[in-house]
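Position in the sequence shown (first residue = 1) + 3 = this note's numbering. So the structure is just underneath, and the comments pick up after that.
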Amino acid sequence: MNQKIVREITPLTDSDFFTLFSRKKKEFDFPLHFHEEYELNLILNAKGARRIIGDHVETIDDLELVFVGTNLYHGWFTHECKSEMIQEVTIQFNNEILNAQFLNKNQSSYLKKLFEDSKKGILFPAETISAIKDRILILKDSQGFNSVLNFMQIFHQLSLSPYKTLCNEGFQETSPNANSRRIKQVFDYMNQNFRNDINLNDVSKLVNMHEVSLSRFIKKRTGKNFIDCLNEIRIGQVCRLIIDTTQSISEIAYTCGFNNISYFNRVFKKKKGCTPKEFRENFSGIRLYV
Numbered sequence: 004m005n006q007k008i009v010r011e012i013t014p015l016t017d018s019d020f021f022t023l024f025s026r027k028k029k030e031f032d033f034p035l036h037f038h039e040e041y042e043l044n045l046i047l048n049a050k051g052a053r054r055i056i057g058d059h060v061e062t063i064d065d066l067e068l069v070f071v072g073t074n075l076y077h078g079w080f081t082h083e084c085k086s087e088m089i090q091e092v093t094i095q096f097n098n099e100i101l102n103a104q105f106l107n108k109n110q111s112s113y114l115k116k117l118f119e120d121s122k123k124g125i126l127f128p129a130e131t132i133s134a135i136k137d138r139i140l141i142l143k144d145s146q147g148f149n150s151v152l153n154f155m156q157i158f159h160q161l162s163l164s165p166y167k168t169l170c171n172e173g174f175q176e177t178s179p180n181a182n183s184r185r186i187k188q189v190f191d192y193m194n195q196n197f198r199n200d201i202n203l204n205d206v207s208k209l210v211n212m213h214e215v216s217l218s219r220f221i222k223k224r225t226g227k228n229f230i231d232c233l234n235e236i237r238i239g240q241v242c243r244l245i246i247d248t249t250q251s252i253s254e255i256a257y258t259c260g261f262n263n264i265s266y267f268n269r270v271f272k273k274k275k276g277c278t279p280k281e282f283r284e285n286f287s288g289i290r291l292y293v
């Protein structure tokens, strides 16, 4: 793969609620890109294609539905796909149509979480796709306010469905469970100081908690221990530098707070399923272009 990461200027205007593109094709030809709009992408019959969302790389199956947050790198590539008829429906919209005032209502709590998680890219399971794909496919035939209602029904259904996020925490510098003041403090501190030697004692003083209590608190809120959370942030930043720079792997590791290369390599392999060198090869030649 030899291409740049491009900033896409979408055709969405201030008077549009959303835009929808439906197309059939034999291959993927759009480069890795990002844009300010949210994007829901349904892809059918493209088994063997490669998906890149942020720092996550994966070969896809025949049913693919991904929700991408704002300014998150994403792209699909033909790779090993042999299909003669790929079907793709892309829905794009900006964050003004579902603003904080709307998402903070009790009835919108599931939608709010969906949009927060989209910062890391969301992949829906095959069962969800099978249940909702027809509704997405016929959305292009909706007119006027009916199209808005159908759009809202799609996202309501998706917000109630199981899904998994794709990127590491650090790639987009997200802070999970931001409704908690303390957990936000913890993640803000780690995002700002991941290059330094951070330990649980330092963070516990920041939030006025005992180390043991803070450790349990983080585990309860995130499902991960303190070191795992810190390593996710560091690995996310490592991935960004691997993609965006030509620095050596060891230099990047030290820059991002890993002082032991053997330990760094083990953590990276565990988190990404490949070595840092293999990860860089997946993104060979890709550079940010704004």
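Each residue gets a CB set at the ideal place from its N, CA and C atoms; glycine is no exception.
Residue i burial status per 10 Å Cβ neighbour count (16 or more: buried)
i, result
"G57", "buried"
"C235", "Note that residue 235 is Glu in the sequence shown, not Cys. Buried."
"F96", "buried"
"S207", "buried"
"Q146", "exposed"
"A52", "buried"
"V151", "exposed"
"V241", "buried"
"H213", "exposed"
"R198", "exposed"
"E172", "buried"
"K275", "buried"
"K273", "exposed"
"E83", "exposed"
"F148", "exposed"
"S18", "exposed"
"V270", "buried"
"F296", "Past the edges of the chain, shown from 4 to 293, lies residue 296, and the structure says nothing about it."
"S112", "exposed"
"F3", "Only positions 4 to 293 of the chain appear in the structure, and residue 3 is not among them; the question remains open."
"S133", "exposed"
Supposed close pair residue i, residue j - CB separation, criterion 8 Å
i, j, result
"I264", "I255", "With a Cβ gap of about 11 Å, I264 and I255 do not count as contacting."
"E42", "T81", "Actually they are not in contact, since the Cβ atoms of E42 and T81 sit about 19 Å apart, beyond 8 Å."
"V9", "N285", "Actually they do not touch by this definition, with Cβ atoms about 18 Å apart."
"F154", "L163", "Contact flag wrong, Cβ pair sits at about 16 Å."
"K280", "I252", "7 Å"
"Y76", "L126", "About 15 Å separates the two Cβ atoms, so there is no contact after all."
"G124", "T168", "6 Å"
"D65", "K50", "5 Å"
"R243", "F174", "6 Å"
"I161", "I201", "Reading off the sequence, residue 161 comes out as Leu, not Ile. About 36 Å; that fails the 8 Å criterion."
"E1", "I46", "Residue 1 falls outside the range modelled here, since the chain spans only 4 to 293, and no answer is possible."
Beta-carbon proximity of residue i to residue j, cut-off 8 Å
i, j, result
"L68", "T13", "no"
"K27", "I100", "no"
"Y192", "L217", "no"
"I186", "R224", "yes"
"V189", "I221", "yes"
"T278", "N268", "yes"
"K115", "N107", "yes"
"I317", "L23", "Given a span of 4 to 293 for the chain in the structure shown, any question on residue 317 remains unanswerable."
"E119", "K29", "no"
"W79", "F31", "yes"
C-beta neighbour in chain D for residue i, strict 8 Å
i, result
"S86", "In the structure shown, chain D does not exist; there is a single protein chain."
*asked:* Three or more C-beta pairs under 8 Å: does that hold for the region 69-79 against the region 28-43?
replied: yes
_Length at least 3, wholly inside the region 44-101: the beta strand (DSSP E) runs in chain order_ = 53-56, 59-62, 66-71, 77-80 and 89-96
*Within the region 207-258, note down every full alpha helix (DSSP H) run reaching 4 residues or more, in order along the chain.*
214-225, 229-247 and 252-258
*What runs of the beta strand (DSSP E), each 3 residues or longer, lie entirely inside the region 4-40?*
7-10 and 22-28
*Would you mind listing the alpha helix (DSSP H) stretches within the region 102-139 that are 4+ residues and don't spill past its ends, in chain order?*
103-106 and 112-120
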